[in-house]
Ligand SMILES: [Zn+2]
């Protein structure tokens with residue numbers, strides 16, 4: 016008995032020692048390059064951004080509402096506003112409205128880089144709710160207001176301004192730089208990003224890395240870290256919609272059958288919600304813990320992230336509490352449409368439910384379907400796949416030319432921020448680019464916090480002038496870093 020106690024104490028002591036050792040040797044992965052010189056941004060950049068926001072390049076769910084004139088105007092505007100890029104770079108239009116700018120490098124043996132953005136924006140639900148009209152591009156209180164300010168005209172204009180400045184400076188890149196701007200990201204990117212990739216693939220392009228939207232410099236949004244955290248998306252979740260329907264004889268509501276179509280569908284949806292997907296710490300979330308962990312304020316958090324296998328239950332329960340944390344570690348289940356019935360005294364024949372799943376990297380559409388079939392276990396329910404389904408793409412690595420160049424460029428322009436990889440919860444156009452690159456990253460250099468996060472696809476979307484200026488500095492620095500070594 017005594018021996019057992021001694022052995023137990025030794026084991027506990029060894030474990031405590033191990034945890035303390037790993038916590039203290041859990042070293043920072045942040046690099047600290049010298050800050051870049053803060054170049055002067057011309058006033059024309061602000062005017063150009065304002066003008067870009069004033070052109071209503073809206074992607075509508077119903078293609079009948081598409082207005083080509085706004086997209087023609089946008090392409091014309093880019094040509095006028097950026098004369099050097101328009102005359103010195105090769106411009107290709109894809110399906111009329113998506114645009115590729117090719118800036119030829121001096122060394123063809125080097126793989127090119129691709130900087131992405133999308134021209135289109137989502138519609139505005141109620142313009143009267145906006146402080147400034149949504150397509151005004153008005154400038155007030157040091158901010159530029161309008162739909163598309165942060166999603167995603169900042170990427171388009173930020174890159175165009177950066178390239179125009181570099182051309183003025185007579186800079187010559189060694190590797191080729193592509194700027195690729197899709198025109199239908201908000202409705203799936205089939206005619207834009209997907210067609211751009213087909214075009215580039217046919218020309219044998221294989222990019223060193225691709226940069227798209229997805230994350231930003233978050234403020235007060237990473238629990239446990241006071242400093243601002245620039246998150247780089249190294250992967251994104253997949254999108255799987257399943258449409259469930261059941262048809263059972265209806266009738267008069269005064270004599271209901273034991274089980275109606277509504278009962279069957281309600282039970283099916285309840286089973287799906289009551290049985291969430293099991294948790295999974297995917298590669299991008301493991302990478303996030305390795306990069307953000309050493310920067311955590313508290314010793315306890317650093318200890319947990321330094322020993323993720325020991326503290327797994329704690330990490331999982333903490334993340335599961337918040338919807339955003341839960342979505343990082345699970346394929347999520349969201350019933351989004353529920354339809355049955357037309358009159359209060361008729362039992363409907365048919366009931367339908369639409370359920371949207373966001374899959375983790377490694378979980379396939381087939382996995383989702385198999386799980387749904389097993390859980391529902393009712394062959395009266397017919398399951399149909401949604402039209403926009405896409406698999407979760409694989410994760411990009413962090414010890415790569417692309418990630419390291421991004422990390423360095425962010426630190427040179429924003430010296431105070433922490434840089435960490437993470438998993439993007441939504442879908443971006445970059446998922447179409449896997450055939451031509453395996454280093455795909457998602458980051459836009461502006462500050463994202465609780466005040467502006469709701470303006471994404473929402474009301475009063477805007478961008479601080481200082482954010483626009485820093486974005487231009489960032490893209491210029493990124494191009495310099497990526498095309499000079
Ligand atoms: Zn977007």
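Numbering (the working numbering), first residue to last: 16 to 500.
We put the beta carbon where it would ideally sit given N, CA and C, even for glycine.
Quick caveat, the model's predicted, so the values are computed rather than measured.
Each residue's CA atom was taken as its position, placing residue 260 and residue 250 some 33 Å apart. Straight-line measurement puts the Cα of residue 228 at about 13 Å from the Cα of residue 447.
At least one heavy atom of ligand 1 lies closer than 7 Å to the C-beta of residue 200. Look at residue 75: its beta carbon is at least 7 Å from all of the heavy atoms in ligand 1. Of the candidates 476, 445 and 452, the residue whose Cα lies closest to the Cα of residue 220 is 452. Within a 10 Å sphere around the beta-carbon of residue 282 sit fewer than 16 other beta-carbons, which makes this residue exposed. Around the beta carbon of residue 267, a 10 Å sphere encloses fewer than 16 other beta carbons of the protein chains shown; the residue is thus reported as exposed. For residue 278, the secondary structure class from DSSP, reduced to helix, strand or coil, is helix.
With a threshold of 7 Å, the Cβ atom of residue 213 does not count as near ligand 1, since no heavy atom of the ligand is closer than that. When the Cα atoms are used, residue 50 and residue 496 turn out to be separated by approximately 13 Å. Taking the Cα of residue 487 as reference, the smallest distance to any Cα among 56, 162 and 408 is reached at 56. Three or more Cβ pairs closer than 8 Å define a contact, and the region 351-369 falls short of that threshold against the region 231-241.
Selection 404, 467, 422 and 36 evaluated against residue 258 yields 404 as nearest (Cα-Cα).
If you check the CB distance, residue 476 and residue 66 do not come in under 8 Å. Boundaries of the beta strand (DSSP E) around residue 400: 397-400. The nearest non-hydrogen atom of ligand 1 is less than 7 Å from the C-beta of residue 166. Counting of Cβ neighbours within 10 angstroms places residue 30 among the exposed residues, the total staying below 16. Taking a contact as a CB-CB distance under 8 Å, the pair residue 222 and residue 126 counts as one, their CB atoms being some 6 Å apart. Between residue 437 and residue 246, the CB-CB gap stays under 8 Å. Assigned with DSSP and collapsed to three states, residue 371 falls in strand. In the DSSP assignment, residue 208 falls within the alpha helix (DSSP H) that extends over 208-217.
Closest in C-alpha terms to residue 364, from the list 431, 272, 82 and 88, comes 272. Just measuring C-alpha positions, the residue of 59, 119, 42 and 135 sitting nearest residue 86 is 135.
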